[in-house]
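Visitor: Line by line, the protein sequences give chains H and V.
For what it's worth, this note's numbering labels the leading residue of the first sequence as 12, then goes sequentially.
For what it's worth, this note's numbering labels the leading residue of the second sequence as 12, then goes sequentially.
Can you read through this structure? Questions will come right after.
Number of protein chains: 2
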Amino acid sequence: MQRRSDQSAATLVADPPEAEVSPRRPPAGRVKSAEIRDILEQEIATGERHAGERLDEQAVAARFGVSRTPVREAINQLASAGLVALIPNRGAFVRETGLGELVEMFEVMAELEAMAGRLAARRVDPKRRVQLAEALAACQSAAERNESDAYYYENERFHEAIYDACGNGFLAAEARRLHQRLKAFRRLQLRVPHRMRQSLAEHRRIVAAIEAGDGETAEAELKSHILVQGERFADLVASLKPKQG
Amino acid sequence: MQRRSDQSAATLVADPPEAEVSPRRPPAGRVKSAEIRDILEQEIATGERHAGERLDEQAVAARFGVSRTPVREAINQLASAGLVALIPNRGAFVRETGLGELVEMFEVMAELEAMAGRLAARRVDPKRRVQLAEALAACQSAAERNESDAYYYENERFHEAIYDACGNGFLAAEARRLHQRLKAFRRLQLRVPHRMRQSLAEHRRIVAAIEAGDGETAEAELKSHILVQGERFADLVASLKPKQG
DNA sequence: TGCCCGAATATCGTATACAATTTCCTTGAC
DNA sequence: GTCAAGGAAATTGTATACGATATTCGGGCA
């Protein structure tokens, strides 16, 4: 009965529902709760949903043309991710990721990355070492062409390579999670002028330390590398909204 | 049927609009999903549910005499915690939290705790300092009475005090999350004999370093403190199930 | 006028029913 | 005898309904 084909009221369809020739592929976009979660997550990250706003289950359900059930699941997942706060009989509220908390997140990110670098210097195997060198080369190539978008992408790959090389799968997963969460905010600092060249130099020192098996140096370099990003970001945000709130 | 008023259902951070500390108790009634989640969590931790086993929603629902809805919520929370893997239209499968991954988790936990200690040594304010001292005193009291259960509880409080004292709310939340996840496994090592006295001595050194503002020492002591726990735990597990099938 | 108590309202948690997809078994053809 | 195709059974995902509980507003009483 609920052959709900009126998707006009909702931006629910991210990819064509015609999954005709891909029966083996994992159904990425078919589960509505995941779809709703992703959309809400993006809206929160971009600030479209301002802090403190209440996410009304019924309203969200009506907006996407679904029932409360998938909305509930989506909101619960957002709560687990720390993006919204659940107050028992009051509803779900968008948590304000203020500048202070962002700095805190960068601080933790720096520690995790530094740990990954320290472990990588001790445990890296030849295959991962090659991948790391390749990722560094790709960064350098992008920097020489002065393409900040490409550098942004290769930078992601570089840090992924470090995660992979650390030999601690759990740490890698946690680092990826945090990286993903900070990603939305990091986009803003894409076009800081001399940052790219400086970042590349830091990458070189990091790789050199890992290659040399010098865990202490790799740790220190990586921590500084991330903390600098956090500070730059804080400056940027502070300059963008000087009298926020 | 001991009613555990464990409020660790979700991230109930009091952050939204005018969310002051709510003196009203959480849904201390019976939230069935939380209860089911706790039981399943413990079963998975103890190995009662072996790795790869499928968690049948109807079976669990029938077992607890509830409908599938709270079971689904519980399973989703377990998935968020990383204890089970969700395959879209196939079901939930118990992830094998092998000894290797547990060691990895303790490694990360050690790093986060050490970071918290380092920051606490620099940033702790008088009020938190008093709380830390009180937590240490409570630990000592429990140790003198040789009550391991009480010590276990006070130990939790002690580490909570360190999280609070670090001045980084995000780090504190992440540390609590990991601590919570490891808690299920840590239950097993309650009664390791001389561990309590040794742990207390380590606590004393940690507090002394924080009081002295010596971040480096606090960091090193805490890291060692957690890593020792991880090693003890690994020994225990290894001795418990040598050929876990 | 202020406080307490109770009903109305809203929201959450759970139960039940239905739809969609996957898996497995049966059956038929080569 | 083996393999493939189709359908039935099973299981997940979603919809709708209902009960329980907390919040709020209004009225009565001190």
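A virtual CB, placed ideally from N, CA and C, is assigned to each residue, including glycine.
Measuring straight from C-alpha to C-alpha, what distance separates H/Ala-231 and H/Glu-213?
Guide: Each residue's alpha carbon lies about 11 Å from the other.
Visitor: So for V/Gly-111, helix, strand or coil by DSSP?
Guide: Residue state, collapsed to three classes: helix.
Visitor: Decide if the stretch 80-87 of chain V is in contact with the stretch 46-57 of chain V; the criterion is three or more beta carbon pairs, one per stretch, under 8 Å apart.
Guide: Touching, per the Cβ criterion.
Visitor: Quick one: list the residues of chain H neighbouring V/Ala-184, beta-carbon separation under 8 Å, in chain order.
Guide: Simply Gly-93.
Visitor: Taking beta-carbon pairs under 8 Å, can you tell me which members of the stretch 213-226 of chain H lie near chain V?
Guide: Per Cβ criterion, the list is empty.
Visitor: Which residue comes first and which comes last in the beta strand (DSSP E) that contains V/Ala-70?
Guide: Not the beta strand (DSSP E): V/Ala-70 falls in the alpha helix (DSSP H), residues 68-75.
Visitor: Whose Cβ in chain H lies nearer than 8 Å to the Cβ of V/Glu-112?
Guide: Those are Gly-180, Phe-181, listed as they occur along chain H.
Visitor: Residues of chain H with CB closer than 8 Å to the CB of V/Glu-115, please, in chain order.
Guide: What V/Glu-115 touches in chain H: Asn-179, Gly-180, Phe-181, Leu-182.
Visitor: Near V/His-236, what residues of its chain come up, given a Cβ to Cβ distance below 6 Å and the 5 sequence neighbours on each side ignored?
Guide: Taken in chain order, the residues that qualify are Glu-213.
Visitor: Under 7 Å Cβ-Cβ, which residues of chain H neighbour V/Glu-122?
Guide: Result: Glu-122, Met-126.
Visitor: First and last residue of the beta strand (DSSP E) that includes H/Leu-97?
Guide: Looking at the DSSP string, the run of the beta strand (DSSP E) that includes H/Leu-97 is 95-98.
Visitor: Under 8 Å Cβ-Cβ, which residues of chain V neighbour H/Val-119?
Guide: Leu-123, Met-126, Asn-179, Phe-181, Leu-182, Glu-185, listed in chain order.
Visitor: Does H/Arg-156 come out as helix, strand or coil in the three-state DSSP assignment?
Guide: Coil, per DSSP.
Visitor: Would you say H/Gln-88 reaches chain V, if we count a Cβ-Cβ gap shorter than 8 Å as a contact?
Guide: For H/Gln-88, the answer is yes, since a Cβ of chain V falls inside 8 Å of its Cβ.
Visitor: Take V/Arg-74 and list the residues in its own chain whose beta-carbon comes closer than 7 Å to its own, dropping the five residues that flank it on each side.
Guide: Excluding residues within five positions, none has a Cβ falling inside 7 Å.
Visitor: Nearest-angstrom Cα distance between V/Ala-90 and H/Arg-156?
Guide: Straight-line Cα distance between these residues: approximately 43 Å.
Visitor: Give me the Cα-Cα distance between H/Ala-103 and H/Arg-65, rounded to the nearest whole angstrom.
Guide: Those two C-alpha atoms are separated by around 6 Å.
Visitor: Starting from H/Val-105 and walking both ways along the beta strand (DSSP E), at which residues does that stretch end?
Guide: From DSSP, the beta strand (DSSP E) with H/Val-105 extends over 102-105.
Visitor: DSSP on V/Arg-60, reduced to helix/strand/coil?
Guide: Residue state, collapsed to three classes: coil.
Visitor: So is V/Asn-100 buried or exposed if we call it buried at 16+ other beta carbons inside 10 Å?
Guide: Exposed: under 16 other Cβ atoms inside 10 Å.
Visitor: What are the boundary residues of the alpha helix (DSSP H) that includes H/Val-82?
Guide: That run of the alpha helix (DSSP H) goes 79-92.
Visitor: So with Cβ pairs under 8 Å, would you call V/Glu-258 a contact of chain H?
Guide: Nothing can be reported for residue 258 of chain V, as the shown portion of chain V is limited to 12 through 256.
Visitor: By the 9 Å beta-carbon criterion, what residues does the stretch 99-110 of chain V contribute toward chain H?
Guide: Per Cβ criterion, the list reads Pro-99, Asn-100.
Visitor: Would you kindly work out how many angstroms separate the C-alpha atoms of V/Ala-131 and V/Lys-234, rounded to a whole number?
Guide: Using only the alpha carbons, I get a separation of about 14 Å.
Visitor: Could you tell me how far apart the beta carbons of H/Gly-93 and V/Ala-184 are, in whole angstroms, since I believe they sit closer than 8 Å?
Guide: Rounded, the Cβ-Cβ distance is 7 Å, consistent with contact.
Visitor: Which value, in whole angstroms, describes the spacing of the CA atoms of H/Lys-138 and V/Ala-70?
Guide: In a straight line, the C-alpha of H/Lys-138 is about 45 Å away from that of V/Ala-70.
Visitor: Short of 7 Å in beta carbon distance, which residues of its chain neighbour V/Ala-186, apart from the five on each side in sequence? Order them along the chain.
Guide: Result list for V/Ala-186: Leu-123, Glu-124, Ala-127, Tyr-174, in chain order.
Visitor: To which residues of the same chain is H/Phe-72 closer than 7 Å at the C-beta, ignoring the five residues directly before and after it?
Guide: The displayed chain sequence assigns Ala, not Phe, to residue 72 of chain H. Ser-78, Arg-79, Val-82, listed in sequence order.
Visitor: Relative to the C-alpha of V/Val-105, which residue among V/Arg-140, V/Val-119, V/Ala-56, V/Gly-111 is closest?
Guide: Of the listed residues, the one whose Cα sits closest to V/Val-105 is V/Ala-56.
Visitor: Under 7 Å, CB to CB, which of the residues in the stretch 129-143 of chain H have a partner in chain V?
Guide: Flagged: no residues at all.
Visitor: Check this for me: beta carbons of H/Phe-117 and V/Val-119, under 8 Å apart or not?
Guide: Contact: no.
Visitor: Can you tell me the Cα-Cα spacing of H/Glu-165 and H/Ala-153, whole angstroms?
Guide: About 8 Å.
Visitor: Could you tell me whether the Cβ atoms of V/Leu-143 and V/Val-95 are closer together than 8 Å?
Guide: Not closer than 8 Å, so no.
Visitor: For H/Arg-188, which residues does DSSP report across the bridge?
Guide: Answer by DSSP bridge pairing: none, since H/Arg-188 is not bridged.
Visitor: Strictly below 9 Å CB to CB, what residues from chain V border H/Val-239?
Guide: By Cβ distance, chain V contributes nothing, its closest Cβ being about 18 Å from H/Val-239, past 9 Å.
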